[in-house]
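Engineer:
Protein chains: 2
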Amino acid sequence: MRTHELVLGWIERQFSDGKLLLGGRLPAERALAEQLQVSRTSVREAIRILEAMGVVRAGVGSGKDAGTVVIAEPATALGAALRLHTATRHLPVADIVETRVLLESWAVSRARPESPALAEAAELLDGMDAGPGTEEFLALDVRFHLALSEAAGNVVVSAMMASLREAIEGYAAELTKNLPDWDATAGRLRAEHRAILDAVNTGDGGKAARLVAAHIEGYYREAGVAASG
Amino acid sequence: MRTHELVLGWIERQFSDGKLLLGGRLPAERALAEQLQVSRTSVREAIRILEAMGVVRAGVGSGKDAGTVVIAEPATALGAALRLHTATRHLPVADIVETRVLLESWAVSRARPESPALAEAAELLDGMDAGPGTEEFLALDVRFHLALSEAAGNVVVSAMMASLREAIEGYAAELTKNLPDWDATAGRLRAEHRAILDAVNTGDGGKAARLVAAHIEGYYREAGVAASG
DNA sequence: CTATTCCATGTGGTCGGACCACATCAAGTA
DNA sequence: TACTTGATGTGGTCCGACCACATGGAATAG
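Quick note, the sequences are listed as chains E and Z, same order. 0 is the number of the first residue of the first sequence in numbering that gives the first Met the number 0; add one for each residue after it. 0 is the number of the first residue of the second sequence in numbering that gives the first Met the number 0; add one for each residue after it.
Put into structure tokens, the structure is as follows:
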């Protein structure tokens, strides 16, 4: 077993044993290296992996926000992984879109009308009505769909949703250039968003699921991506 | 931007540009370091991340299987990420089980009866009938469910299924100890597997989805995990 | 006494060089 | 021909040094 994997195992055990909590800090690289009797190089390689996994964040300097602190951003890892494998062309974009439809349909069908995430979603729609530019509109769109998925209360599904979105973010931005009339599309998307949110708020999960599926598939179809779902 | 991120970006661009294909090899660490005018340390940190993401595999020695070769194992990355975040107690096991039910239900409902994965699934069931030990039984069970999900033909869903399974693998193994009568449970699981596969083979996706959901939820409920789905 | 400046300290980030273990392959040898 | 041996090239590990950065306290000017 390689040395950095040993370090990784030690740190993971600290997590499992509850000795390392969210917001906590890992020992300094030099200290950890001495403690585990390995080189700082190996410690650093382990930390790089944890960082890529969205488990820690390394910060230079001193005081607050310095050192290597424990965070919880699973979507970071999932997104990076999906993005890389998409780059190698071994994750078809169509499959990603299909998965997104699957997860998001489930999420809205399970969303609880009293969830505070829905209030945030409503505010985001107001922002999209205020006539932002294309880039700003897409940013709000991302946050809207994320808020919707959070209303279902399953953090795994939310994280996967966010990562799927991140994986094809650059791709989706390109798609807008394929659209014949962005203003018309934006108007349609806004109306569909309202309809989805209304269905969720009135507790009609089935209708919300159908609407969101049609919403996502319609967009990618219009932009020229064949979503088999 | 940190140096290893620069290296990471360069390699990712090679992927995007199609200059680095599956089975291909990265330049040697020392060569890449000189080419990009960075230290070997930074190159290695970038490779560590790619390795964690299931994009490359580093092999020592010489000749075939040596050097850093491009692979495509997205489930590795997703599984490691979910496992780590589960260790930090920020991904509830119940959410993972619920997500698994969601994905697998969809997969069997969409499975194509002519898929070769279903033939493999049938063989695995024969193996489980041959009376293996608990550990072997669980290993076959993992592969059976994975084969089922592959029959839907969506690699993203399959990868996520595999990673969810991996994330709670150790956890699930512990659960068997909670079961009052393993032989009885194993017998029930075998019968349920047959029923699920039959439903898929006869094209009754809806029935298969219901059966697989009940199958998974029933198991975890019996083992003492509250699966809200 | 107060406010400012400055430096000691500790953090991660980067670098170059050295050596090791390993696997292959070619040259040399029996 | 068959075996042995060494050269070569790969990743794995370690060390020591230096840098950039952020903080906080000490020294200093007012």
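A virtual CB, placed ideally from N, CA and C, is assigned to each residue, including glycine.
Ignoring anything shorter than 4 residues or poking outside the stretch 23 to 107 of chain E, list the alpha helix (DSSP H) runs there in chain order.
Structural biologist: Listed in chain order, they are 28 to 35, 39 to 51, 73 to 86.
Engineer: So, do the stretch 85 to 100 of chain Z and the stretch 185 to 200 of chain Z have three or more beta carbon pairs nearer to each other than 8 angstroms?
Structural biologist: The stretch 85 to 100 of chain Z is not in contact with the stretch 185 to 200 of chain Z.
Engineer: Can you confirm whether W9 of chain Z, when its beta carbon is compared against all beta carbons of chain E, has any partner nearer than 7 angstroms?
Structural biologist: False, the Cβ-Cβ gap to chain E never drops below 7 angstroms.
Engineer: Please list the partners that L101 of chain E has in chain Z, where partner means a Cβ-to-Cβ separation under 8 angstroms.
Structural biologist: The answer, in chain order, is L101, L102, W105, V156.
Engineer: For V236 of chain Z and G22 of chain Z, what's the separation of their Cα atoms in angstroms?
Structural biologist: In the structure as shown, chain Z starts at 0 and stops at 228, and residue 236 of chain Z therefore has no counterpart that could be examined.
Engineer: Three-state secondary structure (DSSP) at S162 of chain E?
Structural biologist: S162 of chain E falls in the helix class under three-state DSSP.
Engineer: Three or more beta-carbon pairs under 8 angstroms between the stretch 199 to 210 of chain Z and the stretch 158 to 166 of chain Z, yes or no?
Structural biologist: No, they do not touch.
Engineer: Could you give the uninterrupted runs of the alpha helix (DSSP H) lying entirely in the stretch 183 to 228 of chain Z, keeping only those of 4 residues or more?
Structural biologist: Complete alpha helix (DSSP H) runs here, min 4: 204 to 221.
Engineer: I want to verify the contact list: residues of chain Z whose CB lies under 7 angstroms from the CB of P179 of chain E, in sequence order.
Structural biologist: Here the premise fails: no neighbours, minimum Cβ distance about 27 angstroms.
Engineer: Under the assumption that A45 of chain Z contacts I70 of chain Z (Cβ atoms under 8 angstroms), give the Cβ distance between them as a whole number of angstroms.
Structural biologist: At roughly 16 angstroms, the Cβ-Cβ gap does not stay under 8 angstroms, so A45 of chain Z and I70 of chain Z are not in contact.
Engineer: Buried or exposed, going by whether 16 or more other CB atoms sit within 10 Å of the CB of N153 of chain Z?
Structural biologist: When all chains shown are included, N153 of chain Z counts as buried.
Engineer: Nearest to D16 of chain Z by alpha carbon, out of E:V42, E:L83, E:R56, E:G60?
Structural biologist: If we check each option's Cα against that of D16 of chain Z, E:L83 comes out closest.
Engineer: From the DSSP output, in three-state form, read off R1 of chain E for me.
Structural biologist: Correct three-state label for R1 of chain E: coil.
Engineer: So, is the C-beta of H214 of chain E closer than 7 angstroms to a C-beta in chain Z?
Structural biologist: With 7 angstroms as the cut-off, H214 of chain E does not count as an interface residue toward chain Z.
Engineer: Kindly indicate the opening and closing residues of the alpha helix (DSSP H) around G126 of chain Z.
Structural biologist: First-last of the alpha helix (DSSP H) with G126 of chain Z: 115 to 128.
Engineer: So with CB distances below 8 angstroms, who are the chain Z contacts of T184 of chain E?
Structural biologist: Within 8 angstroms Cβ-Cβ: nothing; T184 of chain E doesn't reach chain Z, min ~26 angstroms.
Engineer: How do the stretch 20 to 34 of chain Z and the stretch 39 to 54 of chain E stand: do at least 3 beta-carbon pairs fall below 8 angstroms, yes or no?
Structural biologist: Segments in contact, no.
Engineer: Just reading off the alpha helix (DSSP H) that G169 of chain Z is part of, what are its end residues?
Structural biologist: Where G169 of chain Z is concerned, the enclosing alpha helix (DSSP H) stretches over 168 to 174.
Engineer: Put L21 of chain Z into one of helix, strand or coil per three-state DSSP.
Structural biologist: Note: L21 of chain Z maps to coil in three-state DSSP.
Engineer: Determine the chain E residues that contact G53 of chain Z at a beta-carbon separation under 9 angstroms, and present them in chain order.
Structural biologist: Per Cβ cutoff of 9 angstroms: A80, L83, H84.
Engineer: When you compare the CB positions of A277 of chain E and E165 of chain E, do they come within less than 7 angstroms of one another, or not?
Structural biologist: It is not possible to answer for residue 277 of chain E, since the shown part of chain E is limited to 0 through 228.
Engineer: Going by beta carbon distance, what residues of the same chain come within less than 6 angstroms of E123 of chain Z, once the five residues before and after it are set aside?
Structural biologist: With the sequence shown as reference, residue 123 of chain Z is identified as Leu, and Glu is not the correct amino acid for it. Closer than 6 angstroms at the Cβ level, and outside the excluded window around L123 of chain Z, lie L139, R142, F143.
Engineer: Could you work out which residue in E:P73, E:L174, E:R209 is closest to L163 of chain Z when comparing CA atoms only?
Structural biologist: Checking every option, the nearest Cα to that of L163 of chain Z belongs to E:P73.
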